[in-house]
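Residues in the sequence shown are numbered consecutively from 197, following the working numbering.
Think of the CB as a built atom: it goes at the ideal place given N, C-alpha and C, for glycine as much as any other residue.
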Amino acid sequence: MKKVFYKVLSVSLLILVSCLSSSMAQEESYTVTVDEVLNGSIKLDPAIPADGKVNAGTIFKVTSTPDEGYVLDAGYYSVRGRWGAMYHESMSAPFKVTIDQDKHIGASFIEKTEVEHLNVIHDVVYAKPGKKTLKYDVFSPKGAKNLPIIVIIHGGGWAANDENVMRGMARELTKSGKYVVCSIDYRWVEKLDGDDTDNSMADLIGDVFGAIAHIMEHAAEYGGDASTIVLTGDSAGGHLSACGANMPNLIGTGGFGLSPGVFEFMPSYVPENKTVAQLRTEMMAAIKAAAPSYG
197 MKKVFYKVLS VSLLILVSCL SSSMAQEESY TVTVDEVLNG SIKLDPAIPA
247 DGKVNAGTIF KVTSTPDEGY VLDAGYYSVR GRWGAMYHES MSAPFKVTID
297 QDKHIGASFI EKTEVEHLNV IHDVVYAKPG KKTLKYDVFS PKGAKNLPII
347 VIIHGGGWAA NDENVMRGMA RELTKSGKYV VCSIDYRWVE KLDGDDTDNS
397 MADLIGDVFG AIAHIMEHAA EYGGDASTIV LTGDSAGGHL SACGANMPNL
447 IGTGGFGLSP GVFEFMPSYV PENKTVAQLR TEMMAAIKAA APSYG
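Here it is in structure tokens:
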């Protein structure tokens, strides 16, 4: 009788394990949807199965091809987020998408005439203080030389988006041929970048100063004037642009609140040939104004 009981128990356990394994396998697949694409086309490698179900961890290489008279605006994927669909965009082509949840994949294209006046440099890395690599994009009018520099800081509640979302504004600001524009990224607050410790608001402000320091160091390469900088941004970016314009005098190595009465911002990038004190002095003189907005 005991032998029969143990055999039944063993079979039941095998069936249970099999069911759990099957359930886990099903949970590890996600739905990938290709959005309608206008004025061009995209190709995914590997191809999406007919049912749209893709194993977790699958990496798609997305190649974008514009129609005649158009160029790539950005490739993207979107996921469900706190404000509906949240878009992660890239102006680089091809770009890669790793599947770790249900995702929509697509691309947008714009008329070639919108960017014929520009030289664009994507993904200039200025620092990596944590998990996320911090970078910016440069939009220079063709033939630019010693032009004032506008630095755009994106919004997103200090917790979403990156420099790519401000590309349209950057293109518009360069149409007069009077400005070089740089669109910067920064760390997200708390552990939203995947860091082991929280990123504070002081860290984000330090990233703004770090990006500006790198831009100033390379301004001549972009056709810009390192001594004439204006900041702008919307929402969280508006807040950070106001901080950047009003508090470069607080750049320093003393830490933010680590010692009584000491509140200083450490830039996440400092040129090798400069001290933090020198950088503070130069930035105080270079940053002329801010134009923050909210909406």
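Check: For Thr-254 and Met-220, the rounded distance between their alpha carbons; Outcome: Here Met-220 scores only 46 on pLDDT, less than 50, and its place in the model should not be relied on; the value that follows carries that caveat. Cα to Cα, the separation comes out at about 16 Å.
Check: C-alpha distance - Ile-346 paired with Phe-335, whole-angstrom precision; Outcome: 10 Å
Check: Separation of Tyr-226 from Val-233, as counted between CA atoms; Outcome: 22 Å
Check: Within 8 Å, strictly: CB atoms of Pro-290 and Val-258; Outcome: yes
Check: C-beta atoms of His-313 and Asp-333 nearer than 8 Å; Outcome: no
Check: As assigned by DSSP and simplified to three states, the class of Ser-437; Outcome: helix
Check: Lys-299 burial status per 10 Å Cβ neighbour count (16 or more: buried); Outcome: buried
Check: Ser-423 to Ile-483 span [Cα, whole Å]; Outcome: 7 Å
Check: Residues near Phe-152 by beta carbon distance below 6 Å, same chain, minus five either side; Outcome: This structure does not reach residue 152, given that the chain is present from 197 up to 491, and the question cannot be answered.
Check: Which of helix, strand or coil DSSP assigns to Ala-356; Outcome: coil
Check: Cβ neighbour criterion (16 or more within 10 Å) applied to Val-275; Outcome: exposed
Check: Residue from Leu-427, Ile-348, Ser-288 and Gly-450 with nearest C-alpha to Asn-442; Outcome: Leu-427
Check: Cutoff 6 Å; reference Asp-231; Cβ partners in own chain excluding five residues on either side; Outcome: His-300 and Gly-302
Check: Beta-carbon contacts of Ser-286 that lie in its chain and below 8 Å, excluding the five residues immediately before and after; Outcome: Ala-270, Gly-271, Tyr-272 and Asn-360
Check: Cutoff 8 Å; reference Thr-142; Cβ partners in own chain excluding five residues on either side; Outcome: Outside the shown range of the chain, which is 197 to 491, sits residue 142, and nothing can be said about it.
Check: Contacts around Ala-407, its chain only, beta-carbon distance under 6 Å, and the 5 residues preceding and following it disregarded; Outcome: Tyr-322, Tyr-332 and Ile-380
Check: Selected residue, minimal CA-CA separation from Met-397, among Ala-432, Ile-425, Ile-238 and Tyr-375; Outcome: Ala-432
Check: Cα-Cα separation between Glu-417 and Asp-399, rounded to whole angstroms; Outcome: 28 Å
Check: Ser-437 burial status per 10 Å Cβ neighbour count (16 or more: buried); Outcome: buried
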